[in-house]
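Trainee:
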Amino acid sequence: MARKLNLRIWRGDATDGGLKDVQVDVNEGEVVLDVIHRVQATQMGDLAVRWNCKAGKCGSCSMEINGKPRLACMTQVASFDENETITVTPLRAFPVIKDLVTDVSFNYKKAMEVPAYEHPKELAPGEARMEQIDVERSQEFRKCIECFLCQDVCHVIRDHEENKKSFAGPRFFIRIAELDMHPLDTLKNRKRKAQEEHGIGMCNITKCCTEVCPEHIKITDNAIIPMKERVVDIKYDPARMFAGILKREKRN
Amino acid sequence: MTLERHKYDVLVIGAGGAGLRAAVEAREAGLSVAIICKSLFGKAHTVMAEGGAAASMGNVNDNDNWMVHFRDTMRGGKFLNHYRMAELHAKEAPDRIWELETWGALFDRTKEGKISQRNFGGHEYPRLAHVGDRTGLELIRTMQQKIVALQQADGREFGDMEAKIKVFAECTITEILKENGKIAGAYGYWRESGDEILFEAPAVVIATGGVGKTFKITSNSWEGTGDGHALALKAGANLVDMEFLQFHPTGMVWPPSVRGILVTESVRGEGGILTNSEGERFMFKYIPDVFKDKYADNEAEADRWYEDQDNNRRPPELLPRDEVARAINAEVKAGRGTEHGGVFLDVSKRIPAEVIKKRLPSMWHQFYELAGVDITKEAMEVGPTCHYVMGGVEVEPDTAAAIGVPGLFAAGEVAGGMHGSNRLGGNSLTDLLVFGRRAGAGAAEYVKGAGANPVSDATIKAAADRIEAPFSRQGGENSYSLHAELQEVTHNLVGIIRTRTEIEEAIAKIADIRARSKNVAVAGGRKFNPGFHLAFDLDNMLLVAESTAKSALLREESRGGHTRDDFPGMNNKWRQVNHISSFDGNQVNVKAQPLPMLPKELFDLFDIHELEKYMTPEEIAKGGSN
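Now the structure itself:
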């Protein structure tokens, strides 16, 4: 049975914009993306919204729904009160292009800064042997659908444009963790680089990223905290520090 | 404003599995490559593939090899496949999977630490390499990250990571450009700004995927609008066998907003059974004669198969997709469907809850979050959904070169021939890898011998005028409603079951919608305007639908993804014929063309009694083409 829903949509672009109220039909079982599409097809033909699979698998329809970063395709209208107005706004951490679509190129730049996987040279294709239990740690992070909700919610960059240069964000901390825990990867010092080049030290583990992750990846507990702890172990290990001094003296 | 222009050796249109694999190959051959995609990088429909990638590595059952895989593929396609594509695919699939592992992919493992392989419909042995039920995501991410690895290497060599490979995301190609009868580049617009963009390149690889959005109930995302099929037709290439569409037997049927979304075949591979509203496990009634010796005709044997595959026949739930889809359709039509017009698919009574959550994690989430159903406790409601198009660009198997257009290549779902009349699950992911690589190599080889072929100003102007047209029209038609109308026509008249009168009606209606689409006007400006984007997608879908309907009218038999109510059986004479669509600028024309015959060495891989089910006595007597 269709009923009327009050929807408030942010419309505009980088120069100007604001919230617009619309009334739209909603049917049983529909998600927020369905009603946005209905608005598009019947009232605002040029309403911009990014989406793709509509099944929570591609991570395209990220937006803020009543102020919370979410996937519009996985947010049931029925999860709100019948009389409640649903407000949809673009991701706040990224520049608006138009309406609900933001410029997420920041994330693709950061992706290019993470050194790629390095396969053992002596291991020919088909020769790899790994235990299931060992691949599972990295597989958790490889579930990531790159919706960038964790990037959007992270307060290090959400309201601090100036931090973006030196901070890769939760999405890329799990990418580094995934490579670091990969049973075969041969590149060294990934954790150390996470600290020195990707800004993991700026994270103060408030777990906001974990809370918004639609794939329920334990970003903070399973990736960020273990990496932070290991970095501390490596950088402040007395034995290593002593060895470092010897090495430098030898060099000198 | 000045036009944005780029020059590359190879343009890859589409950034799904096939496009990315082609790009890697072309770059590794030393060429510069532009990857163009309608979505953001890494969002392509490949991410939706759940079950796995079929490759006869023999990790779980060492009886498996390329010949068994080849036979399964040909059987699944009812012998309408281009034998050479099926052969190359079966032979090369294992190497393509192992190669992904050297790029960082992490597949699930066997106890010995090898890549694990699972059972799937139509495959004789456990053959699908997989990562839970998100194998497509693993493939796309691995190749996305391989592209980044290549860019990082270019960064070290040239000081610019984008010196030799650049991704043009959220960019739509509206036309493939030719000069002097050969490929010269492509023209399109940025979805974000609406600004136009010209690519000059001697070779173009089309890897745009499928056509699902032509239909009302589909598992495809908005991108599946047949762009590559239409671009190729307009550039002078042919489409082969467009009557064959795969309706995946198990799509969600409720709630309405998720109708069509896929329920992976792995649910059945892991032991899920199909029942009707009377509680009957109905698939035993629908085993066709050609499969009687491979599928169990009773529950006891079917259930034993999960434990002992050497001494029992397979459960009929694992028949090829076309058979299962038709069976579900028949049950629902006979009044034995569920409340929402599907049938039940149940794993809850057969597999412990924790195993379901481990082996089918995204299915559990999908049903729990979108339908409020806990699949560890209750049955799912499922029904057929338009999933895959077997038809596509007619290509030269070894190089993936489009026949008739020098410099044009096609790979993945947009290419035709590989799967015949019906694709086996799991063969798509390896198809992308095998033929994506071959298309990249084919394009690289072609570019080496191709001279400069600059795009003329007249060609540019014509392409630009076409983009401007919908903005200069007044009033007229709305692209959203025309799209909805087209989906009704295809769904009702050229869907899973077809008859002559309905197909004829569809052809007339599609022509009418196409005529009205010339009056589509677009509201608003050029900047990220979905109404404007849909106007172009609609044009592509109309050509695809016309090609499908006209091919379906000609084929007077039922085979694989083409079922004629008025010609219910398979006819061996029709197996010798492909349908070739071409475009004359006004309409799609379809003609019959003989299918290449198997050479003796492949012919001899089959039991002669099996071939007798598919071939005429004259063909059998010949024993192969050589």
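Going line by line, the protein sequences match chains A and B.
Residue numbers for the first sequence follow our numbering, so the first one is -4 and each next one is one higher.
Residue numbers for the second sequence follow our numbering, so the first one is 208 and each next one is one higher.
All C-beta atoms in this analysis are idealised placements derived from N, C-alpha and C, irrespective of residue type, glycine included.
1) Between which two residues does the alpha helix (DSSP H) holding Met570/B run?
2) Can you tell me which of the three DSSP states Asp746/B falls into?
3) Measure the C-alpha to C-alpha separation of Lys223/A and Gln190/A and round it to an integer number of angstroms.
4) Which residues in the same chain as Ala671/B place their Cβ atom closer than 7 Å to its Cβ, once the five residues preceding and following it in sequence are excluded?
5) Note down, in chain order, all residues in the stretch 253 to 276 of chain B with a beta-carbon under 7 Å from any beta-carbon belonging to chain A.
6) At the level of alpha carbons, what is the spacing between Asn247/A and Pro233/A?
7) Hey, how far is the Cα of Ile424/B from the Cα of Glu764/B?
8) Could you tell me which whole beta strand (DSSP E) segments of length 3 or greater appear in the stretch 384 to 447 of chain B?
9) For Phe375/B, list the residues DSSP reports as bridge partners.
10) Using the Cα positions of His32/A and Asn785/B, report the straight-line distance between them to the nearest angstrom.
11) Residues bridged to Trp5/A by DSSP?
12) Do we get a CB-CB distance below 8 Å when we pair Tyr502/B with the residues of chain A?
13) Which two residues bound the contiguous beta strand (DSSP E) that contains His594/B?
14) Give the DSSP-derived three-state secondary structure of Gly54/A in the structure shown.
15) Please list the segments of the alpha helix (DSSP H) lying wholly inside the stretch 127 to 178 of chain A, counting only runs of 4 or more residues, in order along the chain.
16) Look up Glu603/B in the DSSP assignment and give the residues it is bridged to.
17) Does DSSP classify Gln800/B as helix, strand or coil?
18) Tell me whether the beta-carbon of Thr280/B lies closer than 8 Å to the beta-carbon of Leu631/B.
19) Three Cβ pairs or more, each shorter than 8 Å: is that satisfied between the stretch 209 to 225 of chain B and the stretch 311 to 322 of chain B?
20) Which of helix, strand or coil does DSSP assign to Thr381/B?
21) Tell me the rounded alpha-carbon separation between Pro85/A and Glu131/A.
22) Taking the C-alpha atoms as reference points, what is the distance between Asn505/B and Thr770/B?
23) Give me the chain B residues within the contact set of Tyr103/A, using Cβ-Cβ distance strictly less than 7 Å, ordered along the chain.
24) Three or more C-beta pairs closer than 8 Å, one from the stretch 261 to 273 of chain B and one from the stretch 598 to 615 of chain B: is that the case here?
25) Exposed or buried, which one is Phe237/A when buried takes at least 16 other CB atoms within 10 Å?
26) On a Cα-Cα basis, can you pick out the residue from Met459/B, Gly623/B, Thr482/B, Asp496/B that is closest to Leu452/B?
27) What separation, rounded to the nearest whole angstrom, lies between the Cα atoms of Glu122/A and Trp305/B?
28) So with Cβ pairs under 8 Å, would you call Ile60/A a contact of chain B?
29) Please decide whether Asn247/A counts as near chain B, where near means a Cβ-Cβ distance under 8 Å.
30) Is Arg644/B helix, strand or coil when you go by DSSP?
31) 8 Å is my cut-off, CB to CB: does Asp8/A come that close to chain B?
32) Apply the 10 Å Cβ neighbour rule to Gly226/B and answer buried if 16 or more other Cβ atoms are within range, or exposed otherwise.
33) First and last residue of the beta strand (DSSP E) that includes Ile159/B?
34) Helix, strand or coil, according to DSSP, for Thr92/A in the structure here?
Mentor: Checking against the coordinates, here is how it stands:
1) Met570/B: member of the alpha helix (DSSP H) spanning 568 to 577, first to last residue.
2) The three-state secondary structure of Asp746/B, taken from DSSP, is helix.
3) Spanning the alpha carbons of Lys223/A and Gln190/A requires a straight line of approximately 8 Å.
4) For Ala671/B, where only same-chain residues beyond five positions count, the Cβ hits under 7 Å are Glu403.
5) Within the stretch 253 to 276 of chain B, the qualifying residues are Val254, Met255.
6) In this prediction, Asn247/A has a pLDDT of 46, which is less than 50 and means its spatial position is unreliable; what the coordinates show is noted afterwards. Distance from the CA of Asn247/A to the CA of Pro233/A, rounded to the nearest whole angstrom, comes to 21 Å.
7) About 24 Å.
8) Complete beta strand (DSSP E) runs here, min 3: 389 to 397, 403 to 407, 410 to 413.
9) Partner(s): Ile243/B.
10) Whole-angstrom Cα-Cα distance: 39 Å.
11) Trp5/A is bridged by DSSP to Leu14/A.
12) Not one chain A Cβ lies under 8 Å of Tyr502/B.
13) Per DSSP, His594/B belongs to the beta strand (DSSP E) from 587 to 596.
14) Three-state DSSP puts Gly54/A in coil, outside helix and strand.
15) Listed in chain order, the alpha helix (DSSP H) runs fully inside the stretch 127 to 178 of chain A are 127 to 137, 144 to 148, 150 to 153, 165 to 176, counting runs of at least 4 residues.
16) Ala608/B, per the DSSP bridge assignment.
17) In the structure shown, Gln800/B sits in a strand (DSSP, three-state: E or B).
18) Yes; because the gap between Cβ atoms is below 8 Å, this pair is in contact.
19) As far as the Cβ criterion goes, the stretch 209 to 225 of chain B does not touch the stretch 311 to 322 of chain B, which means the pair count is below three.
20) Strand, per DSSP.
21) Each residue's Cα considered, the two are about 34 Å apart.
22) If you draw a straight line from the Cα of Asn505/B to the Cα of Thr770/B, it is about 27 Å long.
23) Those within 7 Å of Tyr103/A in chain B are Phe248.
24) Between the stretch 261 to 273 of chain B and the stretch 598 to 615 of chain B, the count of Cβ pairs shorter than 8 Å is below three; the stretches do not touch.
25) Here Phe237/A is exposed. Its C-beta has fewer than 16 other C-beta atoms within 10 Å.
26) Taking only the C-alpha atoms, the option nearest Leu452/B is Gly623/B.
27) About 8 Å.
28) Interface residue (Cβ-Cβ distance to chain B less than 8 Å): Ile60/A is not classified as such.
29) Summary for Asn247/A: the model assigns pLDDT 46, below 50, so the residue's position carries little reliability; its value from the coordinates is reported in the next sentence. No, no contact with chain B.
30) Under the three-state reduction of DSSP, Arg644/B is assigned to helix.
31) Residue-level contact by beta carbon holds for Asp8/A and chain B, with a gap shorter than 8 Å.
32) Gly226/B should be labelled buried.
33) The shown model of chain B, from 208 to 833, leaves out residue 159/B, and the question about it has no answer.
34) Inspection of the sequence shows that residue 92/A is occupied by Ile rather than by Thr. Looking at Ile92/A - three-state DSSP - the assignment turns out to be strand.
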